[in-house]
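*Asks:* My questions will all concern the structure given below.
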C-alpha cells in the first residue's frame, strides 16, 4: 500500500537530496543511508504518512509505528511518546540547521527503499543515471586498459541526478543509482554474464558489506561539494584465467524507475607478452 509525502502538499513530489543506500562516511564510520532525505526549509511542518503510535528517540528523532514503521529524523516533536496519531496528523517541525527530514520505512525487521514502486507516492524519475568512468586498477593506481596483465581490480564510477534538485547549498549534487551491474564479452561471446554489484531497489544492505560495494575513494555529498561513488565490479580479477586478446567491459547503472545509463571500457589482455 502506498503512502503520501511527510510534508505538504502530500500529493506532490518533493526534492529528495539523499537516496537510499547512499554512502555515509563520518568520524571513521561508514554506512549505507537507511532512508531518504526529503528537502524542506527548517521549521517546515512534518506529518505522519500512516497512523500509529509515536516513539521518541532523542530530542529530534521519532517513529510512528502502525502496520509499518516510519521514522522521521531531524524533527522537533509536536507529539508525545505513546500518543496515537492519525494519517496526516502533525507530528513536528524540521529542526534548525537540517533543511530536510530523514524519512525511513521499516517492516518485517528490515528497512525498505521508500522510493520503490507502490511506496512513497507520487515519485517519478525520467532521467537515466550516468556511468562516469570505468577503470582497471592495481594498488589503487589506474592501469592502461590496453595492456592488462596479472591480477587487477575493476571499478566503475556512477551517479544519478535527483529528478528535482534541492535548493542551495545542495543543488546539483548527485545521488547513487539504484542498481549497478557489469558483464564482459569477447566479440559476440559472453565471458562473464551480467553480474549485479549494487542493488538498492528494495531492502537495506547489511552495513558489514559497505566496503564490498563502495571502493576506496568514495565520498558522500557535503554542502556545495559533490560526492563520488566508486563501485567495485571485480576485486582481484585474474586476467591470466582468460585468453589474451580484446574484451569489452560493459556497465549499466539504473534508477529506481528502471531508467538505464550505460558505459563500456575496451580491455586488451597481454599476459603472453610479459
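Residue numbers (our numbering): 9 to 282.
Think of the CB as a built atom: it goes at the ideal place given N, C-alpha and C, for glycine as much as any other residue.
(1) What whole-angstrom Cβ distance do residue 119 and residue 42 have, given they're in contact under 8 Å?
(2) Which runs of the beta strand (DSSP E) spanning at least 3 residues fall entirely within the region 59-114, listed in chain order?
(3) What would DSSP say about residue 268, mapped onto helix, strand or coil?
(4) To the nearest angstrom, how far is the alpha carbon of residue 122 from that of residue 164?
(5) Could you tell me if residue 257 is buried or exposed, where buried requires 16 or more neighbouring beta carbons within 10 angstroms of its beta carbon?
(6) On the three-pair Cβ rule with 8 Å, is the region 96-106 touching the region 45-56?
(7) Could you check where the beta strand (DSSP E) with residue 221 kicks off and where it finishes?
(8) Nearest CA to the CA of residue 146: which residue from 158, 154 and 140?
(9) Quick test of your reading: residue 202 and residue 191, contact by CB under 8 Å. State the CB separation rounded to the nearest angstrom.
(10) Going by C-alpha to C-alpha distance, which of 241, 86, 254 and 233 sits closest to residue 63?
(11) Closer than 7 Å by C-beta to residue 240: which residues in its own chain qualify, once you throw out the five before and the five after it? Chain order, please.
(12) Going by other Cβ atoms of all chains shown within 10 Å of its Cβ, with 16 needed for buried, is residue 117 buried or exposed?
(13) Hey, which unbroken runs of the beta strand (DSSP E) at 3 residues or more fall wholly within the region 184-255?
(14) Does the beta-carbon of residue 9 have 16 or more other beta-carbons within 10 angstroms, so that it is buried, or is it exposed?
(15) Helix, strand or coil for residue 280 per DSSP?
(16) With a 10 Å radius around its C-beta and 16 neighbouring C-beta atoms as the bar for buried, classify residue 34 as buried or exposed.
(17) Within 10 angstroms of the Cβ of residue 189, are there 16 or more other Cβ atoms? Answer buried if so, exposed if not.
(18) If you follow the beta strand (DSSP E) that residue 163 is part of, which residue opens it and which one closes it?
(19) How far does the beta strand (DSSP E) with residue 11 in it reach, from first residue to last?
(20) Starting from residue 26 and walking both ways along the beta strand (DSSP E), at which residues does that stretch end?
(21) How should residue 229 be labelled, buried or exposed, when 16 other C-beta atoms within 10 angstroms of its C-beta is the threshold for buried?
(22) Quick test of your reading: residue 102 and residue 51, contact by CB under 8 Å. State the CB separation rounded to the nearest angstrom.
(23) Between residue 270 and residue 139, is the Cβ-Cβ spacing less than 9 Å?
(24) So, under 8 Å CB-CB, residue 46 and residue 93 are touching, yes? Tell me the CB distance rounded to an integer number of Å.
*Replies:* According to the data block:
(1) By 1-based counting over the chain shown, the position of residue 119 is 111. By 1-based counting over the chain shown, the position of residue 42 is 34. Contact flag correct, Cβ pair sits at about 5 Å.
(2) 60-64, 69-73, 77-81, 83-85 and 98-102
(3) By 1-based counting over the chain shown, the position of residue 268 is 260. Note: residue 268 maps to strand in three-state DSSP.
(4) The residue you call residue 122 lines up with position 114 of the chain shown. The residue you call residue 164 lines up with position 156 of the chain shown. Whole-angstrom Cα-Cα distance: 26 Å.
(5) Working through the chain shown from its first residue, we reach residue 257 at position 249. Its Cβ being crowded by 16 or more others within 10 Å, residue 257 is buried.
(6) yes
(7) On the chain shown, residue 221 is found 213 positions in, with the first residue counted as 1. No beta strand (DSSP E) holds residue 221; the alpha helix (DSSP H) holding it covers 218-221.
(8) By one-based count along the chain shown, residue 146 stands at place 138. Answer by Cα proximity: 158.
(9) Residue 202 sits at position 194 when you count from the first residue of the chain shown. Residue 191 sits at position 183 when you count from the first residue of the chain shown. Confirmed, Cβ separation roughly 5 Å.
(10) Along the chain shown, read from residue 1 onward, the residue named residue 63 stands at position 55. Out of 241, 86, 254 and 233, 86 has the C-alpha closest to the C-alpha of residue 63.
(11) As a working mapping, residue 240 is identified with position 232 in the chain shown. Closer than 7 Å at Cβ, skipping near neighbours: 163, 205, 220, 221 and 223.
(12) For the purposes of this step, residue 117 is identified with residue 109 of the chain shown, where counting begins at 1. The residue in question, residue 117, is exposed, as its Cβ has fewer than 16 Cβ neighbours within 10 Å.
(13) 187-194, 197-207 and 238-246
(14) Counting from one through the chain shown, the residue named residue 9 turns up at place 1. Exposed, since its Cβ has fewer than 16 Cβ neighbours within 10 Å.
(15) Within the chain shown, the letter at position 272 stands for residue 280. Helix at residue 280.
(16) Counting from one through the chain shown, the residue named residue 34 turns up at place 26. By the 10 Å Cβ count, residue 34 comes out exposed.
(17) Taking the first residue of the chain shown as 1, we reach residue 189 at position 181. By the neighbour-count rule (16 or more Cβ atoms within 10 Å), residue 189 is buried.
(18) The residue labelled residue 163 in the question sits at position 155 within the chain shown. Where residue 163 is concerned, the enclosing beta strand (DSSP E) stretches over 159-167.
(19) Numbered from 1 along the chain shown, position 3 holds the residue referred to as residue 11. Looking at the DSSP string, residue 11 is not in any beta strand (DSSP E), and its letter there is neither H nor E.
(20) Within the chain shown, residue 26 is the residue found at index 18, counting from 1. Where residue 26 is concerned, the enclosing beta strand (DSSP E) stretches over 24-26.
(21) Residue 229 sits at position 221 when you count from the first residue of the chain shown. Residue 229 comes out buried.
(22) By one-based count along the chain shown, residue 102 stands at place 94. By one-based count along the chain shown, residue 51 stands at place 43. About 6 Å; that satisfies the 8 Å criterion.
(23) The sequence position of residue 270 within the chain shown is 262, counting from 1. The sequence position of residue 139 within the chain shown is 131, counting from 1. Against a cut-off of 9 Å, the Cβ pair of residue 139 and residue 270 comes out as a contact.
(24) Within the chain shown, the letter at position 38 stands for residue 46. Within the chain shown, the letter at position 85 stands for residue 93. Between residue 93 and residue 46 the Cβ distance is about 18 Å, and since that is not below 8 Å, they are no contact.
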